[in-house]
Amino acid sequence: MTSAQLATPSRKQRVRTLWISDVHLGTRDCQAEHLSAFLKRYQADKVYLVGDIIDGWKLRGGMYWPQAHTNVIRRLLTMSKRGTEVIYVTGNHDEFLRRYSKLILGNIHLVDEAEHVTADGRRFLVIHGDQFDVITRYHRWLAFLGDSAYEFTLTLNRWLNHWRAKYGYGYWSLSAYLKHKVKSAVNFISDFEEAIAHECVKRGLDGVVCGHIHHAEIRQVGGVEYLNCGDWVESCTALIEHLDGNIELFRLADAHVQAAQQGIREPVSETVT
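Numbering-wise, the UniProt record's numbering puts 260 at position 260 of the sequence shown, and it's gapless, one number per residue.
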């Protein structure tokens, strides 16, 4: 079963909100085809693009923009034309757009942060999250260095998974493995989550939806709901709010495994109510 078959049901599923982040259009590791297929599944009232949708850092060094990346933009524009409100929340890799914050083009809004109210009345800060990353804020040269190291692990990922596929093994992410196993990376994620949760408490909000660290999550942190969209480079994850206010974490890998095992076409999600 191909991803397109998995992700294109006969009828679109109606949902209230979609959140996606860290797509990194303009890079070779962007999973643009998977994202386009995912977006085709849903009729959403709102779509939040939670930062790093376009990788301005990478585009400075040379243009890489295949048709699949254009197709993502076209899909979002089509959704907007059909009535979906698209809120583009800027991130650090697309910080060049921050000079245009508060720009409104039809159903498309460009902002640095937003507040979302769910169907059941919960208030969420929607922000990329680089504002709570001390390396990105105060040591930009380290951020660029870390980005280069991350890109190197993604290159190793491509090479490794080429050979895994050749011998019949499934996809495995080296960078995700290192992120979970290396103590400093685990501590960084924990510090990031606590800092952003503290900001929500200060503002009197119920929770946060963010991205930035490429680590999808739904859990309680510091007394608030912490939701991270993940990314469309390694994990291909997104957050979905259904019409009753329930928010789910979609994981493409889980959906593919379940589809192969059971012959179903529905995504696998974790739910927060």
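Quick reminder that beta carbons are idealized off the backbone N, C-alpha and C, glycines included.
Keep in mind it's a predicted model, so treat the numbers as computed, not measured.
Nearest residue (CA-CA) to I218, options R203, K202 and T237: Sequence index remark: in the sequence shown, residue 218 carries index 218 (1-based). Comparing Cα-Cα distances from I218 to each of R203, K202 and T237, the minimum goes to T237.
Sequence-distant residues of its chain with Cβ nearer than 6 angstroms to I108 (five each side left out): Here residue 108 refers to the residue found at position 108 when the sequence shown is read from its first residue. Hits under 6 angstroms: S80 and V86.
Distance between D112 and S101 (C-alpha atoms, nearest Å): In the sequence shown, the residue the question calls residue 101 occupies position 101. In the sequence shown, the residue the question calls residue 112 occupies position 112. Roughly 6 angstroms between the two C-alpha positions.
Status (buried if at least 16 other CB within 10 Å, exposed otherwise) for D120: Here residue 120 refers to the residue found at position 120 when the sequence shown is read from its first residue. Label assigned to D120: exposed.
Backbone CA spacing between V208 and N157 [nearest angstrom]: On the sequence shown, position 208 is the one that residue 208 refers to. On the sequence shown, position 157 is the one that residue 157 refers to. About 30 angstroms.
Option in G211, W232 and V117 with minimal Cα separation from N246: Taking the sequence shown and counting its residues from 1, one reaches residue 246 at position 246. It is V117.
The segment 23-41 / the segment 186-201 touching (three or more Cβ pairs under 8 angstroms): Contact check between the segment 23-41 and the segment 186-201: fewer than three CB pairs, one atom from each, fall below 8 angstroms, which does not count as touching.
Between the CA atoms of G91 and R60 - distance to the nearest angstrom: Residue 60 sits at position 60 when you count from the first residue of the sequence shown. Residue 91 sits at position 91 when you count from the first residue of the sequence shown. Each residue's Cα considered, the two are about 16 angstroms apart.
Simplified DSSP state of residue 325, which is helix, strand or coil: Coverage of the chain is limited to positions 1 through 273, which leaves residue 325 absent and any answer about it impossible.
Validate contact between the segment 200-214 and the segment 224-238 using beta carbons, cut 8 angstroms, 3 pairs: yes
Three-state secondary structure assigned by DSSP to A253: On the sequence shown, residue 253 is found 253 positions in, with the first residue counted as 1. Here A253 sits in helix by DSSP.
C-beta contact flag for V221 and E194 at 9 angstroms: Position 221 of the sequence shown, counted from the first residue, corresponds to residue 221. Position 194 of the sequence shown, counted from the first residue, corresponds to residue 194. Contact flag set, yes.
Simplified DSSP assignment, three categories, for W232: Translated into the one-based positions of the sequence shown, residue 232 becomes position 232. W232: coil per DSSP, three-state reduction.
For D52, the nearest candidate out of V15, I127, R14 and L76 (CA to CA): Counted from its first residue, the sequence shown places residue 52 at position 52. Comparing Cα positions, the closest option is I127.
Alpha-carbon to alpha-carbon, L205 and R122: Here residue 122 refers to the residue found at position 122 when the sequence shown is read from its first residue. Here residue 205 refers to the residue found at position 205 when the sequence shown is read from its first residue. Their Cα atoms are separated by approximately 8 angstroms.
Residue closest to W19, alpha-carbon to alpha-carbon, out of E234, Q131, L35 and N71: For the purposes of this step, residue 19 is taken as residue 19 along the sequence shown, with counting starting at 1. The residue with the shortest Cα to Cα distance from W19 is L35.
Straight-line Cα distance separating V201 from L39: Numbered from 1 along the sequence shown, position 39 holds the residue referred to as residue 39. Numbered from 1 along the sequence shown, position 201 holds the residue referred to as residue 201. Approximately 32 angstroms, taken between the alpha carbons.
For E234 and L110, the rounded distance between their alpha carbons: Translated into the one-based positions of the sequence shown, residue 110 becomes position 110. Translated into the one-based positions of the sequence shown, residue 234 becomes position 234. So the alpha carbons of these two residues sit roughly 26 angstroms apart.
Simplified DSSP assignment, three categories, for A32: The sequence position of residue 32 within the sequence shown is 32, counting from 1. Reduced to three states, the DSSP call for A32 is helix.
Residues bridged to T237 (per DSSP): Mapped onto the sequence shown, residue 237 falls at position 237. Answer by DSSP bridge pairing, in chain order: R251.
Straight-line Cα distance separating H198 from G106: Against the sequence shown, residue 106 aligns to sequence position 106. Against the sequence shown, residue 198 aligns to sequence position 198. Those two C-alpha atoms are separated by around 34 angstroms.
From R99, V89, I213 and G230, residue whose alpha carbon lies closest to that of L49: Within the sequence shown, numbered from 1, the residue matching residue 49 stands at position 49. Cα-wise, what sits closest to L49 is V89.
Neighbourhood of R98 by C-beta distance below 8 angstroms, restricted to the same chain and skipping five residues each side: Taking the sequence shown and counting its residues from 1, the one referred to as residue 98 is at position 98. Answer for R98: T90 and D112, listed in chain order.
Rounded straight-line distance, which links the Cα of R203 to that of L125: The residue you call residue 125 lines up with position 125 of the sequence shown. The residue you call residue 203 lines up with position 203 of the sequence shown. Distance between the alpha carbons of L125 and R203 is about 9 angstroms.
Supposed contact pair H214 and D22 - C-beta distance, whole angstroms, cut 8 angstroms: Locating residue 22 in the sequence shown gives position 22, counting from the first residue. Locating residue 214 in the sequence shown gives position 214, counting from the first residue. Indeed, because the Cβ distance is near 6 angstroms, the residues count as touching under 8 angstroms.
Cross-strand partners of L49 (DSSP beta bridge): Walking along the sequence shown from the start, residue 49 turns up at place 49. Residue pairing for L49: DSSP places it in a beta bridge opposite I20 and Y88.
R41 versus N71 - alpha carbon distance: Working through the sequence shown from its first residue, we reach residue 41 at position 41. Working through the sequence shown from its first residue, we reach residue 71 at position 71. About 15 angstroms.
Of the residues Q31, R74 and Q43, the one placed nearest R11, counting alpha carbons only: Reading the sequence shown from its first residue, position 11 is the one you call residue 11. The residue with the shortest Cα to Cα distance from R11 is Q43.
Whole-number beta carbon distance between R75 and D45, since they are thought to touch under 8 angstroms: Taking the sequence shown and counting its residues from 1, the one referred to as residue 45 is at position 45. Taking the sequence shown and counting its residues from 1, the one referred to as residue 75 is at position 75. With a Cβ gap of about 16 angstroms, D45 and R75 do not count as contacting.
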